[in-house]
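One structure below.
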Amino acid sequence: MTVQPRLPPWWWDEAGADEPEEALEGDVDADVCVVGGGFTGLWTALALKEREPSACVVLVEAETCGSGPSGRNGGFVHGYWASLAELVPLLGRDSALELARAGERIVPAVRALGADDVWLREGGLLMVSASPAQDAAVEHAVAAAADAGVAEQAVPLEADAVAARVRSPVFRRGVFFPDGATVQPARLVRALRRRVLDVGVELHEHSPAAFRSGEVTTARGRVRAPEIVVAINAAATGWRPVARHVTNFGSYVVLTEPVPELLEQIGWTGGEAIVDARMFLHYFRTTNDGRVLMGSGSGPIGFRGKLDARFTSDGATAARAEHGLRRLLPGLADGRIERAWGGPIDVSADHLPFFGTVPGSGHVHYGLGYSGHGVGPSWLGGQILASLSTGRDDEWTALALATRRVPSLPPEPLKRLGGGVVRSAIMACERADEDGRRAPLPARVAATLPRLFGMEIGTR
Ligand SMILES: Cc1cc2nc3c(=O)[nH]c(=O)nc-3n(C[C@H](O)[C@H](O)[C@H](O)COP(=O)(O)OP(=O)(O)OC[C@H]3O[C@@H](n4cnc5c(N)ncnc54)[C@H](O)[C@@H]3O)c2cc1C
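Just so we're aligned, residue -19 is where the sequence shown starts under the working numbering, counting upward by one.
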């Protein structure tokens, strides 16, 4: 039986934590107040100080920096080359390429924080097909890059070329995206947090905040700031200005004990980050000490933005992650699962994050909707939010992440109920496909519904 999910994640045990900064007390004036100390808030604070070194920037975090998904994730770091096939129809070729090129600056920014310190491993990202229905997604990714004139960003791999990187009886073919890496996420949080303090950002932890135009308030303090950046990710899903565009799903990971000899045996020693080509994909990677992390994005759907136990204690999703590990990498069967944990992912209707300013407020800026892919893109988010909150109109605010019209999801309770039906249908189809069966017709029909409404959710 799978280990029950619990917090903190193993990443924090390995990284260790610095002493928390004091909670906010009393009144403070600032030029910009950032709410939320995950990757988005931390990169934003850093980008603000780079643009305006003399600006007074205050960051308030409800718990400690990285206590949300930023300290719990799989540590896959990549931009948008792997998403080109979805981006081109959504944004058009030029905007899609512009976004993917902007994303190439993410890994160098992480590297600049100290590659060894954050366990940066630039082994690329590999998408494998692990069932007949997944072949099309791999082919689609290769074709999209070739059509856009960037074939080198999505290199097709036949079965033997996949096996040269990692051996599995179920991998049929793959596509390799060179622009991908992994990190130890809690180490990245710690490095960013230290850097933010070094450059003079005033950080307050254990300070859950409420915000409105010009003011951020906590239990015992207040920040008066003309510019406010809301970087609270899944906690913003019930917030009226963004609620129509985003919902929360659970994502869970399991982590094995160190298994370096087994990794040698299956030939997975190149540090590749790997995903299969499901809708609720499996994502898997190795760590510096020879463990394997396997994640499944098939967790429960939230309701009205509430962040409750379904995002931290859902044993069924952790069990699906373990099932994925055993099916996809049977050569690791002797590897014991040591830990499991989970968190919410903020899924937008088109699976892309969005950044903007609350209409009418003029000065309350937000960014979320990473859809389970925010470790790298939060760096782009930091650039965009820093530009928005310093009144700049530049290459960052011109990105489609800040300019496109974001599709809406249905209102609650339809969002939760409809989402639940579609989620179950997709899972039934993907399970049937892996077992070599045809899914029942109702499941096949329900799984295609979101696409009919222009949403990037459904079977591939
Ligand atoms: C299990 C799991 C695996 C994942 N794996 C990957 C992966 O491998 N690669 C990838 O790219 N993405 C992955 N993701 C997604 C990724 O972790 C997120 O997209 C990213 O961390 C979002 O960063 P953030 O700063 O926007 O949000 P968060 O990390 O959620 O930070 C928001 C912060 O705001 C704070 N906060 C909330 N409300 C308030 C308030 N009222 N006042 C003050 N502070 C507040 C929270 O405490 C939190 O620290 C994964 C997510 C999960 C859950």
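By construction, the Cβ of each residue, glycine as well, lies at the ideal position given by its N, Cα and C atoms.
- Straight across, the Cα-Cα distance linking ALA126 with GLU138 is about 17 Å.
- By the Cβ rule, the segment 194 to 212 counts as touching the segment 1 to 13, because three or more pairs are nearer than 8 Å.
- Close CB contacts of ALA189 within its chain, under the 6 Å cut and outside five residues either way in sequence, are with VAL15, VAL40, VAL196 and THR198 (chain order).
- In the three-state DSSP reduction, GLY399 falls in the helix class (H, G or I).
- In the three-state reduction of the DSSP assignment, LEU243 falls in the helix class.
- With a threshold of 7 Å, the Cβ atom of GLY275 counts as near ligand 1, since some heavy atom of the ligand is closer than that.
- Distance check between ARG175 and each of PRO357, ALA27 and LEU379 places ALA27 closest, using alpha-carbon atoms only.
- Excluding sequence positions up to five before and after ASN53, its CB lies within less than 7 Å of the CB of PRO165 and VAL355, all in the same chain and listed in chain order.
- Between GLY400 and GLY277, the C-beta gap is not smaller than 8 Å, which leaves the two residues out of contact.
- For the 8 Å CB-CB criterion, ALA121 and ALA134 form a contact.
- By the criterion of a C-beta distance shorter than 6 Å, TRP(-10) is surrounded in its chain by LEU235 and ARG319, once the five residues flanking it on both sides are discounted.
- Sequence-distant partners of GLY180 (beyond 5 residues in either direction) whose C-beta falls short of 7 Å from its own C-beta, in its chain, are LYS29.
- Taken through DSSP and simplified to helix, strand or coil, SER50 comes out as helix.
- Not one heavy atom of ligand 1 lies closer than 7 Å to the C-beta of ASN268.
- Annotation: GLU185 to ALA35 spans about 20 Å, alpha carbon to alpha carbon.
- Assignment of beta-bridge partners to GLU66 by DSSP yields no partner.
- In this structure, PRO33 lies away from ALA298, with their beta-carbon atoms at least 8 Å apart.
- Pairwise C-beta distances place the segment 401 to 418 in contact with the segment 259 to 279, as three or more of them are shorter than 8 Å.
- Judged by the Cβ position, VAL40 qualifies as a neighbour of ligand 1 at the 7 Å threshold, a heavy atom of the ligand being closer than this.
- Straight across, the Cα-Cα distance linking ALA329 with TYR350 is about 11 Å.
- Less than 8 Å divides the Cβ of PHE291 from the Cβ of PRO324.
- By the 16-neighbour rule on beta-carbons within 10 angstroms, ARG385 is exposed.
- Unbroken alpha helix (DSSP H) runs of no fewer than 4 residues, entirely contained in the segment 240 to 305, are found at 240 to 246, following chain order.
- DSSP places PHE151 in no alpha helix (DSSP H); its state is neither H nor E.
- In this structure, the straight-line span from the alpha carbon of CYS45 to that of VAL209 is close to 16 Å.
- Taking all protein chains in view, the Cβ of GLN114 is crowded by 16 or more other Cβ atoms within 10 Å, so the residue is classified as buried.
- For GLY323, the beta-bridge partners assigned by DSSP are SER231.
- Counted as a single uninterrupted DSSP element, the beta strand (DSSP E) harbouring GLY6 occupies residues 6 to 9.
- In the DSSP assignment, PRO136 is bridged to VAL155.
- A distance of 8 Å or more separates the beta carbons of ALA211 and THR337.
- The beta carbons of LEU365 and HIS345 sit closer together than 8 Å.
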